[in-house]
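Taking the working numbering, the leading residue of the sequence shown gets 964, the next gets one more, and so forth.
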Amino acid sequence: MKTFNKNYIAICILSFIVSCKSQILPLNTILRNIPEGSYVKDLNHELDPYIGIYKSNFEGNEITLYITKQENKLEKSTGKTYYLDALSVKYIVKNSSGVILQDTQNYNVPNIELYSIATRPYENKVIFYYSGTNCGIGWGRIVLKKFNNNQMLWDYQPNSGALGNDCPANADKTVYLPETDNLLFTKQ
């Protein structure tokens, strides 16, 4: 029993030492300058003004964005693993009859991600990575620009094609998010 307690205490101390060695860096640290296991933190609260529920209409569809801040999000990119504070976006797209076309807010759709990867505070912008819909169709970058305290502009130009070759023939390959620039969203 005493061996178990000593081993447990040793593991706890080692975990504490390792966690203390991880570095806290500000948002917008260049990827090549982020050491493995570091934490890219929103030290200046640059993400906070974007948090909330926003709505817009585009080509007869109503789009509702649910933007939250996620701290310590695990990020794996270009061979690195680190943590970052990010904005996470869930959304609902309804047609003009109120029929839900796509809902990532109420249904946990693990293959659709939309989260911030960088900010440009001097331009009032946040850049997002969008994984695309089924099979990665429509993946790309979305930019939100703060227009005023209650509104922001949406810019999205998707990349084409699927990310993988294993896309089922019956998969819904429609990109429901608005493919446009300067679409005005209003905070609710």
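Think of the CB as a built atom: it goes at the ideal place given N, C-alpha and C, for glycine as much as any other residue. A quick note: this is a predicted structure, and the numbers were derived from the prediction, not measured.
Check	Outcome
When burial is assigned at 16 or more other CB atoms within 10 Å of the CB, is P1141 buried or exposed?	buried
Can you give me the Cβ contacts of D1118 inside the same chain, cut-off strictly under 6 Å, excluding the 5 residues immediately before and after it?	V1106 and D1144
Taking P1084 as the reference, which of K1108, S1051, Y1046 and T1041 has the closest Cα?	K1108
Give the C-beta separation of A1134 and N1097 to the nearest angstrom, bearing in mind that I take them to be a contact with Cβ-Cβ under 8 Å.	4 Å
Mind checking who F1148 pairs with in its DSSP beta bridge?	M1115
Note down the Cα distance separating K1136 from T1067, rounded to an integer number of angstroms.	15 Å
Skipping 5 residues on each side, what residues in its chain have a beta carbon closer than 8 Å to that of F1091?	L1050, V1052, L1077, Y1078, S1079, I1080, R1104, I1105, V1106 and L1107
Check whether the Cβ atoms of S985 and Y1002 sit closer than 7 Å, and answer yes or no.	yes
Secondary structure at I980, three-state DSSP: helix, strand or coil?	A caution first: I980 carries a pLDDT of 43, below 50, which makes its placement in the model unreliable, though a value can still be read off. Note: I980 maps to helix in three-state DSSP.
Would you mind stating whether Y1017 and F1110 have Cβ atoms separated by less than 7 Å?	no
Whole angstroms are fine: how far does the CA of G1099 sit from the CA of C1130?	9 Å
CB-CB under 7 Å to I1055, same chain, minus the five flanking residues each way: which ones, in chain order?	T1027, I1063, D1066 and Q1068
Are L1116 and S1019 closer than 7 Å when you measure CB to CB?	no
What are the boundary residues of the beta strand (DSSP E) that L988 is part of?	I987 to P989
Report buried or exposed for T1082, applying the criterion of at least 16 other Cβ atoms within 10 angstroms of its Cβ.	buried
What does a CB cutoff of less than 6 Å around I976 pick up in its chain, not counting 5 residues either side in sequence?	Its pLDDT being 49, under 50, I976 is placed unreliably in this model, and the value from its coordinates should be taken loosely. Closer than 6 Å at the Cβ level, and outside the excluded window around I976, lies no residue.
Taking the alpha carbon of Y1139 as the reference point, which residue from I987, I997, N996 and W1102 has its own alpha carbon closest?	W1102
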